[in-house]
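All the letters of the sequence shown, read from the start, carry residue numbers 1 to 165 under the UniProt record's numbering. Ideal placement from N, C-alpha and C gives every residue a C-beta, glycine not left out. This structure is a prediction, so every number in the text was calculated from the model and none was measured. Accompanying notes for the structure given below.
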Amino acid sequence: KMSDFNVFVYGTLKSGEPNHNWFAKGGGHYKLLCNAQTMEKYPLIIATEYNIPFLLYSPGVGNYVKGEVYEVDKSVLENLDILEDHPDFYERELHTVKNLDGGDGNITVWIYFIKNFKSELLKQPMYDCYSNNGDHGLKYVIRYTQSKTVNVRRVEQYMIKIIFT
């Protein structure tokens, strides 16, 4: 549908990963279109005490990053923006990715990037494909649990952002 958006996800939003359920929040439309890979290299790192995968906007550094492309409606995109704290933390941008399933070659997608970060983060190990169960052993810490108050979440967001600024 023309009213839908394509989003490339590379971390905890992928199928089988800890935040995949965010697609279903609010009952909007979402559908897996294909596996894909970025056309440029980017640093995909795992950082903070919460072991969050971050895609740093530093084109040409790191790896071609593999992920999944989802077709989503406006309500799902708005929910993903909440999770990613767009535009205050992650910034969502249109880029072209390569369809790895042999379909229509290239596809234009929204990708969530971190634009403002300390250069020392580029010394971290960089991945081409994220899995919470990967060899890195860095298990993602679920933060957005219903039991937590808004103030606790704000403190957590601050603790995450502090390594970038």
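TODO: Please look up how many angstroms separate the CB atoms of residue 53 and residue 11, rounded, as I've assumed it's under 8 Å.
DONE: 3 Å
TODO: Identify which residue in 73, 47 and 8 has its Cα closest to the Cα of residue 139.
DONE: 47
Open item on the list: Following a CB-centred definition, is residue 105 positioned closer than 7 Å to any heavy atom of the ligand NAD?
Closed with: This structure lacks the ligand NAD; in fact it carries no ligand of any kind.
Task: Candidates 86, 25 and 35: closest to residue 73 by CA position - done: 25
- [ ] Pull up the DSSP beta-bridge partners for residue 108, would you.
- [x] 96
TODO: With distances taken Cα to Cα, identify the nearest neighbour of residue 34 among 110, 50, 70 and 65.
DONE: Among 110, 50, 70 and 65, the Cα nearest to that of residue 34 belongs to 70.
Open item on the list: Considering Cα atoms alone, identify which of 77, 65 and 17 is closest to residue 235.
Closed with: The structure shown does not extend to residue 235, since the chain is modelled only from 1 to 165, so the question has no answer here.
Task: Under 8 Å between C-beta atoms of residue 114 and residue 55 - done: The answer is yes: Cβ separation under 8 Å.
Task: Chain-order list of residues whose beta-carbon lies under 6 Å from that of residue 42 (same chain, five-residue window excluded) - done: 55, 62 and 65
- [ ] For residue 85, I'd like the list of residues in its chain whose CB is within less than 7 Å of its CB, leaving aside the five on either flank, ordered along the chain.
- [x] 157
Open item on the list: Which of the three DSSP states is assigned to residue 26 in this structure?
Closed with: DSSP places residue 26 in helix when its eight states are reduced to three.
Open item on the list: Just to confirm the assignment, what range does the beta strand (DSSP E) spanning residue 71 have?
Closed with: 63-72
TODO: Go through its chain and collect everything with a Cβ distance to residue 29's Cβ below 6 Å, but skip five positions before and after it.
DONE: 73
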